[in-house]
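Chains A, B and C are the protein sequences, given in the same order. Each residue of the first sequence is one higher than the last, beginning at 103 in my numbering. Each residue of the second sequence is one higher than the last, beginning at 25 in my numbering. Each residue of the third sequence is one higher than the last, beginning at -4 in my numbering. What follows is a set of notes on a single structure, which appears directly below.
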Amino acid sequence: MALLNVENLRTHFFTDAGIVKAVDGVSFSLNKGETLGVVGESGCGKTMMALSLMRLIPDPPGKIVGGKIWYQLTQTGGPVDLLMLTPNQMRGIRGKRLAMIFQEPMTSLNPVLTIGDQIGEAIELHTGGQRREVRGKTIEMLKLVGISAPERRIDDYPHQMSGGMRQRVMIAMALSCRPDILIADEPTTALDVTIQAQILDLIAELQKRLGMSVILVTHDFGVIAEVTKRVIVMYAGRFVEEAPTEEIFARPLHPYTQGLLRAIPPLKKSAEKTKLATIPGSVPDLIKLPRGCTFQDRCPKVQPRCRITEPELEDKDNGRKVRCYYPW
Amino acid sequence: MIPTLFGITLITFFVIQLAPGDPASLKAQSGTDALKSDQMVEQVVSETRKLYGLDRPIYVQYGIWLGRLAKFDFGNSYRDHRPVISKIGDALPITLTLNILTILIVYLISIPVGAYSALKPSGWRDRITALALFVLYSLPNFWVAMMLIVLLGGGDYLNLFPIVGFTSDNASTLSWIGWMGNVAWHLVLPVTCLTYASLAFLSRFSRASMLEVIRQDYIRTARAKGLSESKVVWKHAMRNALIPLVTLMGTLLPSLLAGSVIIEQIFAIPGMGRLGFESVLSRDYPVIMAIAFIGALLTLASVLLSDLLYVVIDPRITFRRKAA
Amino acid sequence: MRHSYASLIWRQFKKSRLAVAALILVISLFVIAIFAPLIASDKSISIGGFKISAPIPFSPNSYDLSRILEGPSFTHPLGTDGQGRDVLSQLVWGSRVSISVGFVAVGISVIIGILLGVLAGYYGGAVDIVISRLIEVMMCFPTFFLILAVLAFIGPSIYNIMIVIGLTSWTGVARLVRGECLKLRSREFVVAARVAGARDRRIVFRHLLPNALSPVLVSATFGVASAILVEASLSFLGFGVPPSTASWGSLLSQAQDFMDVAWWLTLAPGFAIFLTVTAYNLVGEGLRDAIDPNLKT
């Protein structure tokens, strides 16, 4: 049974220059215990999609204008559309059932509050308890995410910690109430490579331990390969391909995915010193999208049909989906 | 800080040298005893000269003056021969009361006003408030004082507030609470005149600061935890937004002291401002010097105070780092 | 390059109708101040046989004791004061005092400020320390009181007022310029110029100053507003221009004497000050937003 079922989610930003269709018809489902990756270039809308799931889109200028987010709120009842909840109800869910960690641990933590305070806040809000209880639970969380000497560090301020540690604090904060779903928006992009590996391992381990589902948003295919079981490729506010992780590396169907994978610098010291392959052109203006397929101006296999109507997301065998008239 | 202090003493000393005439002969002349023989005047002049060291080279004079300054000995007033320090001692508490009240009210009002307009930016409420504040900021305070007197102080319209003095004549007969009430009643108009301009400025500043804070990532994190909006604003945003406001306090006081001169004069409040003005009118140099010096001292103190507060509020700043 | 920078700022400035309106007001006041003798005078000019009299046919000093304290009327649109002088005429001439004090005082303070700021920011080191201390000390003093005291010593006259205000308000500009110079000193183009062997003065004038100029312009605009207020306050207290010259502040102070019988006399000069100060402040705001739209919101 799917834990989360998103149908045709659309989030638009209303600016002076026009309407930016940041998320334009996204549909997917997430099962319990699954790790789903969402990959794409910067500006493709993946962060906005993640924020839409949490209903954290800044309004103005943004607004979720359509779609449904079905969430399995209770074990027995039917799914609930998150977009229909009142702000208060949504607040009850945020942090408790759905949690999110962000890209920049440096700026995502409040500099004037201790980390213990910031973690304890979430605990107290959603599960209540006396100060001592909350403090105890906070220390446990810190231990869980691998911060040494948690009894001392609980009273530290964010600026007294390194980037990696701060991200661990963020994770502790997000997981303190044992949420069903963790949305991780580029959690390792701002960290050193060695720390990246540690954080990814931590997320994977915690996922197994706590039995939660993870949506991992990133632009790095390496991260995708490391942690996710299923991956979705996003472009210009839409999904263009969906597949199990192994398959997408072995056989990418959409030209965009192929381009992305080709652009990864090869490790092999092969004889040919080839230039780094790139995808020509740049991401289209989200205000003035072209008629037809959004990838047309950069696609090596573009045909006249691509310029007239936009392809739908089609199911292929093996649970794969692709939005292209001429996939591989 | 110490070199600044020295600089203050230097400049005060320098300014006083600009005063025309020889302080000694001026002192001799300003005495109220009209019947002085020439011989007596001579004697007074030479004694005063010795007292002030005016017959010594200028840097020695400066040294002597510094020494007396350290003991807060500003000499005696030319007008009434009372020790300057006691005149200031009478006037200072009144001005301090006025200004501390002003600062309190200014902060108490401008922080919520600024925060509130930041939370709904560009709404019509925000724009009207911004315009109103801007208008307030540009009103000359002595004009506002006059208008208030006309409208509320016994002119052709209402007569709600007294316009003269710190207390009414029968104040000494009142109980302690009654006395406080009486003072408060007298202070309504002058404090209003002193607050409105700073209020306008600080509100806009507070709004800008709050806007800056609300955009930050950690506010988004706080919301992602499911915290209520009021908690996000008051616990997470406000503390950060306050930080630059605190540092402003150091510059608020000097402008208040400046405004005091005019307001105290108009409302006949016997504070430092009025003392200063009267001393300037009557060329009472010791008092002028003393007030300039004490004014500078107070400003220095308030800058230090706001620095200290800054250290307290922002855990990123330790005292050593701030001093460095 | 510099030419287009200025026009860039102008284009951004134009976007705010309020700022443009304020600028028009400022310019009009300037014009009124310059042409005051032609606008408000009881003398008339004869050109080729025709006698043209001023639109406001009263001199600020022409008094008529038979018509004191009149309210607004057709001949005296703003009434007359305690000596029968036309208020409107006085207002017009008063603008000369305010505007000239404003500009000259700010001119002085800007020159001092730029000088000290550049010395401190560009040369750094001991020079910077000394100048910074000086700036700190100056900022500690109660400015208005200091101005009063100095004027008491050297006597109030319009020139002394300009000089004293100028001498006490340079600290803001100095800090600004110093900051800009410090920031720009280590930037590549300055290092490049130095390497090429350019003399200090050339570096300063051609490279550093133009960048620092825009915030200085903003500060100067606010400075004019402030100087006008200070002059008005001084005149109000009796420390301003001699009573024979009309000044908005002294008009207010005279009005104070007649508050119980003709309180409306306080309206005109007070409003004039308010309007002028507001206009300059608005222009300053407009400039600031035009230069750095990020600061807006």
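Note that the Cβ used here is the ideal one computed from N, Cα and C, for glycine as well.
For the candidate residues the options, whose alpha-carbon lies nearest to that of residue i?
i: residue 157 (chain C); options: C:94, C:114, C:79; result: C:94
i: residue 130 (chain A); options: A:115, A:151, A:429, A:185; result: A:151
i: residue 216 (chain A); options: A:263, A:187, A:199; result: A:263
i: residue 258 (chain B); options: B:128, B:299, B:243, B:272; result: B:243
i: residue 109 (chain A); options: A:115, A:136, A:402, A:181; result: A:181
i: residue 117 (chain A); options: A:414, A:407, A:406, A:389; result: A:389
i: residue 280 (chain A); options: A:290, A:237, A:201; result: A:201
i: residue 275 (chain A); options: A:349, A:225, A:403, A:179; result: A:225
i: residue 427 (chain A); options: A:421, A:406, A:203, A:210; result: A:406
i: residue 344 (chain A); options: A:278, A:187, A:126, A:422; result: A:422
i: residue 142 (chain B); options: B:300, B:305, B:239; result: B:239
i: residue 54 (chain C); options: C:265, C:84, C:72; result: C:84
i: residue 100 (chain C); options: C:248, C:147, C:221; result: C:221
Rounded to whole angstroms, how far is the Cβ of residue i from the Cβ of residue j, which I believe are closer than 8 Å?
i: residue 163 (chain A); j: residue 213 (chain A); result: That pair is no contact at about 27 Å.
i: residue 335 (chain A); j: residue 318 (chain A); result: The pair is not a contact, with the Cβ atoms about 13 Å apart (cut-off 8 Å).
i: residue 161 (chain B); j: residue 224 (chain B); result: 4 Å
i: residue 227 (chain C); j: residue 164 (chain B); result: 6 Å
i: residue 98 (chain B); j: residue 294 (chain B); result: Actually they do not touch by this definition, with Cβ atoms about 18 Å apart.
i: residue 136 (chain C); j: residue 314 (chain B); result: The Cβ separation is near 13 Å, so there is no contact.
i: residue 163 (chain C); j: residue 142 (chain C); result: 6 Å
i: residue 245 (chain B); j: residue 204 (chain A); result: 6 Å
I'd like the span of the beta strand (DSSP E) that includes residue i, first residue to last.
i: residue 170 (chain A); result: 164 to 173
i: residue 344 (chain A); result: 340 to 346
i: residue 109 (chain A); result: 104 to 117
i: residue 509 (chain A); result: With chain A running from 103 to 430 in the structure shown, residue 509 (chain A) is simply not present.
i: residue 35 (chain B); result: That residue, residue 35 (chain B), is in no beta strand (DSSP E); its alpha helix (DSSP H) goes 26 to 41.
i: residue 137 (chain A); result: 137 to 141
i: residue 200 (chain A); result: 200 to 203
i: residue 325 (chain A); result: No beta strand (DSSP E) holds residue 325 (chain A); the alpha helix (DSSP H) holding it covers 323 to 329.
i: residue 335 (chain A); result: 332 to 337
For the alpha helix (DSSP H) containing residue i, name the first residue and the last one.
i: residue 77 (chain C); result: No alpha helix (DSSP H) contains residue 77 (chain C), which DSSP labels as neither H nor E.
i: residue 88 (chain B); result: 82 to 94
i: residue 378 (chain A); result: Segment: none, residue 378 (chain A) is in no alpha helix (DSSP H) and carries neither H nor E.
i: residue 98 (chain A); result: The requested residue 98 (chain A) is not part of the displayed model; chain A covers only 103 to 430.
i: residue 124 (chain A); result: Here residue 124 (chain A) belongs to no alpha helix (DSSP H); instead the beta strand (DSSP E) covers 120 to 133.
i: residue 293 (chain A); result: Here residue 293 (chain A) belongs to no alpha helix (DSSP H), and DSSP marks it neither H nor E.
i: residue 220 (chain B); result: 200 to 238
i: residue 35 (chain C); result: Segment: none, residue 35 (chain C) is in no alpha helix (DSSP H) and carries neither H nor E.
i: residue 166 (chain C); result: 166 to 180
i: residue 244 (chain A); result: 233 to 246
i: residue 236 (chain C); result: Note, residue 236 (chain C): premise wrong, no alpha helix (DSSP H); not H, not E.
i: residue 134 (chain C); result: 120 to 135
i: residue 260 (chain B); result: It is not in any alpha helix (DSSP H) - residue 260 (chain B) carries neither H nor E in the DSSP assignment.
**Asked** Do three or more CB pairs link the segment 318 to 329 of chain B to the segment 25 to 41 of chain B at distances below 8 Å?
**Response** Short answer: they touch.
**Message:** Check whether the segment 136 to 149 of chain A and the segment 193 to 201 of chain A are in contact - that is, three or more C-beta pairs closer than 8 Å.
**Reply:** Counting Cβ pairs under 8 Å, fewer than three are found: no touch.
**Prompt:** If contact means a Cβ-Cβ distance below 8 Å, which residues of the segment 197 to 212 of chain A contact chain B?
**Reply:** 197, 198, 201, 202, 204, 206, 209, 210, 211, 212
**Prompt:** Contact between the segment 301 to 319 of chain A and the segment 348 to 368 of chain A: three or more CB pairs below 8 Å?
**Reply:** no
**Message:** Any contact between the segment 328 to 336 of chain B and the segment 261 to 276 of chain B? By contact I mean 3 or more CB pairs, one from each, below 8 Å.
**Reply:** yes
**Request:** Evaluate contact between the segment 271 to 280 of chain B and the segment 222 to 242 of chain B, counting only Cβ atoms and requiring at least three cross-stretch pairs below 8 Å.
**Result:** yes
**Message:** Any contact between the segment 252 to 266 of chain C and the segment 62 to 78 of chain C? By contact I mean 3 or more CB pairs, one from each, below 8 Å.
**Reply:** yes
**Selection of the segment 176 to 196 of chain A by Cβ proximity to chain B, strictly under 9 Å** = Among the residues of the segment 176 to 196 of chain A, those with a Cβ less than 9 Å away from any Cβ of chain B are 189, 190, 192, 193, 194, 195, 196, in the order of the chain.
**Request:** Note down, in chain order, all residues in the segment 51 to 77 of chain C with a beta-carbon under 7 Å from any beta-carbon belonging to chain B.
**Result:** none
**Item:** the segment 287 to 295 of chain A contacting the segment 13 to 20 of chain C, beta-carbon criterion three pairs below 8 Å
**Value:** no
**Message:** Please identify, using Cβ separations under 7 Å, the residues of the segment 140 to 169 of chain C that lie next to chain B, in order along the chain.
**Reply:** 140, 141, 143, 144, 145, 147, 148, 149
**Request:** Output, in sequence order along the chain, the residues in the segment 221 to 233 of chain A whose CB is closer than 9 Å to any CB in chain B.
**Result:** So the close ones are 223, 224, 227, 228.
**Request:** Would you check if there are 3 or more beta carbon pairs closer than 8 Å linking the segment 286 to 296 of chain B to the segment 208 to 222 of chain B?
**Result:** yes
**Cβ contact (3+ pairs, closer than 8 Å) linking the segment 27 to 37 of chain C and the segment 86 to 105 of chain C** = yes
**Asked** Counting Cβ pairs, one atom from each stretch, are 3 or more of them under 8 Å apart for the segment 173 to 183 of chain C and the segment 104 to 123 of chain C?
**Response** Short answer: they touch.
**Message:** Quick check: the segment 300 to 316 of chain B against the segment 100 to 114 of chain B, are at least 3 beta-carbon pairs closer than 8 Å?
**Reply:** yes
**Item:** the segment 205 to 215 of chain C touching the segment 162 to 175 of chain C, judged by at least three CB pairs closer than 8 Å
**Value:** yes
**Asked** the segment 81 to 103 of chain B: which residues have C-beta closer than 9 Å to a C-beta of chain C, in chain order?
**Response** none
**Item:** Contact list for the segment 271 to 293 of chain B against chain C, Cβ threshold 9 Å
**Value:** 275, 278, 279, 281, 282, 283, 284, 285, 286, 289, 290
**Message:** Against chain A, which members of the segment 240 to 256 of chain B pass a CB distance test of less than 9 Å?
**Reply:** 240, 241, 242, 243, 244, 245, 246, 247, 248, 249, 250, 251, 252, 253, 255
**Message:** Would the segment 168 to 185 of chain A count as touching the segment 346 to 357 of chain A if we require 3 or more Cβ pairs under 8 Å?
**Reply:** no
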